[in-house]
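Peer 1: If you're matching positions, the sequence shown starts at 3 in the numbering used here and goes up one per residue. We put the CB at the ideal spot given by N, CA and C, even for glycine.
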Amino acid sequence: MTKPLPTPFRPKTADERGLPPIPYGWFVVGLSSELAVGEVKALRYFGREMVLFRTESGQAVVFDAHCPHLGADRGFGGKVVGESIQCPFHAWRFGADGTCLEVPECDRIPPKAKAQAWATREQNGMILAWYHPDGHTPTFDVPACPDEGWTPVKSIVWRIRSHPQEVGENTVDTAHMRPVHRTEPSRVRSGPELRGALMELSLAFLAPGELVGMEGDNDVQLDIEMYGLGQIQVTSHVLNAGITARYWVNSTPID
């Protein structure tokens, strides 16, 4: 008797795994250092095609990718003209607010010709866009941190199969600190405290200095601020060395 062939492996879909939907909030869609003046980039986030460009004055702008005329993707062949982007197909131009500014070979601009512009912020070397599945305007803000006196920002990017909620929940998972980060047991100094879209938490623990090229243990205090599920701001105080570091954990849904 022949054995039945094994069923081919197929990863479960998000619905089958029971993952929450894409959350709304502010999410990083680009790094300032990677977008020059006049540059146009095709993006895919939130399950949709987008275009990111920087105008001649330096403003970072995010649109839905496809031109409302005949659907050309402005991320491929789109051109920055002053404070606008020009469609590669029929050269329609749209200003940073989405307003159609020019339709070549046409005496008037169709009243419905408008690009879908996204609310954006550029701060601390990051370009953030506001996402809401129903198109609602921003309901909270993410404050910028002062840059003066700090070393330049360094960035590391990973692409993972996960959900922003799982990353956010890690901030309150004190049990993982010892096995994963090799710290002594951590204690909660304060929080978690919820204020609207903001969650605040402070932790303290001893961490081996050898991880960062130091001798002995470091007395560390982490002050954590989580804004929605898109950005976590962490300030790390190494009390015994008088060192303060800060970092951002940004989770941006792709699809």
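#1: Compare the Cα-Cα distances from alanine 119 to each of Asp143, Gly211, Val63 and report the closest residue.
#2: Let's test the definition: count the other Cβ atoms within 10 Å of the Cβ of serine 188 and tell me whether it reaches 16, buried, or not, exposed.
#3: Output yes or no for whether 9 Å exceeds the beta carbon distance between glycine 100 and proline 90.
#4: For histidine 71, name the three-state secondary structure that DSSP assigns.
#5: Pick helix, strand or coil for arginine 19, following the three-state DSSP scheme.
#6: Pairs of beta-carbons, one from the region 196-212 and one from the region 222-229, closer than 8 Å: are there three or more?
#7: Report yes or no: do the region 37-46 and the region 160-171 share at least 3 C-beta pairs separated by less than 8 Å?
#8: Can you find the residues in the same chain that come closer than 6 Å, C-beta to C-beta, to alanine 121, ignoring five residues on each side of it along the sequence?
#9: Assign valine 144 to one of two classes, buried (16 or more other C-beta atoms within 10 Å of its C-beta) or exposed (fewer than that).
#10: Taking threonine 237 as the reference, give the member of Ala247, Gly230, Pro166 with the closest Cα.
#11: Specify, as a first and last residue, the run of the alpha helix (DSSP H) that methionine 179 falls within.
#12: Quick one: Cα of alanine 74 to Cα of lysine 116, how far?
#13: Taking its Cβ as the centre, do 16 or more other Cβ atoms sit within 10 Å of tryptophan 152, making it buried, or is it exposed?
#14: Quick one: measure Cβ to Cβ for leucine 45 and glycine 77, integer angstroms, because I've assumed they're closer than 8 Å.
#15: Let's see if you can read the secondary structure: which residues bound the beta strand (DSSP E) around proline 210?
#16: Among Tyr229, Gly244, Gln88, which residue has its Cα nearest to the Cα of valine 169?
#17: Hey, could you find the ends of the alpha helix (DSSP H) glutamine 223 is sitting in?
#18: Nearest to valine 174 by CA position, among Ile256, Val182, Val190, His183, is which residue?
Peer 2: Straight from the coordinates:
#1: Val63
#2: buried
#3: no
#4: coil
#5: It is helical.
#6: yes
#7: no
#8: Trp132, Pro140
#9: buried
#10: Ala247
#11: Secondary structure note for methionine 179: its alpha helix (DSSP H) is the uninterrupted segment 179-183.
#12: Each residue's alpha carbon lies about 14 Å from the other.
#13: exposed
#14: 7 Å
#15: 200-210
#16: Nearest to valine 169 by C-alpha distance, out of Tyr229, Gly244, Gln88, is Tyr229.
#17: No alpha helix (DSSP H) holds glutamine 223; the beta strand (DSSP E) holding it covers 219-229.
#18: With distances taken between Cα atoms, valine 174 lies closest to Val190.
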